[in-house]
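Taking it in order: structure first as structure tokens, then the write-up.
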Amino acid sequence: MLINHTPIDTHALTTQLNNHQGLTIACYCAQWCGTCKSYRTDFAQLSEKFPQHLFVWIDIEDNPELLDDIDVENFPTLLIQQQDHNYFFGTMLPHIQHLERIILATEENIVQNKSPSSVEGPRYLGDLI
-13 MLINHTPIDT HALTTQLNNH QGLTIACYCA QWCGTCKSYR TDFAQLSEKF
37 PQHLFVWIDI EDNPELLDDI DVENFPTLLI QQQDHNYFFG TMLPHIQHLE
87 RIILATEENI VQNKSPSSVE GPRYLGDLI
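Just so we're aligned, residue -13 is where the sequence shown starts under the working numbering, counting upward by one.
Right under this line is the structure:
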């Protein structure tokens, strides 16, 4: 599932967060960022490979509350979380294969109960709305 509208309909996001069990993969970008514009298409295509997860495109200028009190200086910045557990938060080179590998590794770690401790990053998106 992909939420790709800016600004985000927070009611729709809340509904999706409450009704899905998979990972939430959020991409923090900005409308003016050229790198983000090209990455957005790849992000949408990747969401089709992982329908069990919720992909959210967040423009930090339209929905800054979804970033918590964290400053983002480089794009794309990605968050992978499930409820209140952050598996990944940070800037990534704009090659979608990197994100795909991190998603696959995170899935494998969850299945094998090898989940690392939560990394720092925004609180659970549902709590930030």
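Where a beta carbon is used, it is the ideal one built from N, C-alpha and C, also for glycine. The structure displayed is predicted, hence computed values, not measured ones.
Rounded C-alpha distance that separates residue i from residue j
i, j, result
"ALA30", "ALA(-2)", "17 Å"
"ASP45", "PRO108", "15 Å"
"VAL118", "CYS13", "What the structure shows of the chain is the stretch from -13 to 115, and residue 118 is not part of that stretch, so it cannot be assessed."
"TYR110", "GLN98", "23 Å"
"ARG87", "GLU94", "11 Å"
Nearest to residue i (by Cα), restricted to the options the options
i, options, result
"GLU120", "ASN(-10), GLU106, THR0 and THR92", "For the chain, the structure presents residues -13 to 115; residue 120 sits outside this window and is missing."
"PHE36", "ILE56, PHE61, ALA16 and GLN7", "GLN7"
"SER103", "SER24, ASN5 and GLN68", "GLN68"
"PHE61", "LEU79, MET(-13), ASN5 and THR(-8)", "LEU79"
"LEU40", "MET(-13), GLN17 and ASP55", "MET(-13)"
First and last residue of the uninterrupted alpha helix (DSSP H) at residue i
i, result
"CYS22", "20 to 35"
"LEU111", "111 to 114"
"GLN67", "Premise fails: GLN67 lies in the beta strand (DSSP E), 63 to 68, not in any alpha helix (DSSP H)."
Rounded Cβ spacing between residue i and residue j (contact assumed at less than 8 Å)
i, j, result
"TYR73", "ILE66", "5 Å"
"GLY112", "THR0", "6 Å"
"ILE(-6)", "ASN49", "5 Å"
The beta strand (DSSP E) enclosing residue i, as first and last residue numbers
i, result
"ILE11", "10 to 15"
"HIS71", "71 to 77"
Heavy atom of the ligand SAM within 8 Å of residue i beta-carbon
i, result
"TYR110", "Of the ligands one can find in the structure shown there are none, so the ligand SAM has no counterpart to examine."
Bridge partners - residue i, DSSP secondary structure assignment
i, result
"ASP45", "CYS15"
"ILE88", "According to DSSP, ILE88 bridges with nothing at all."
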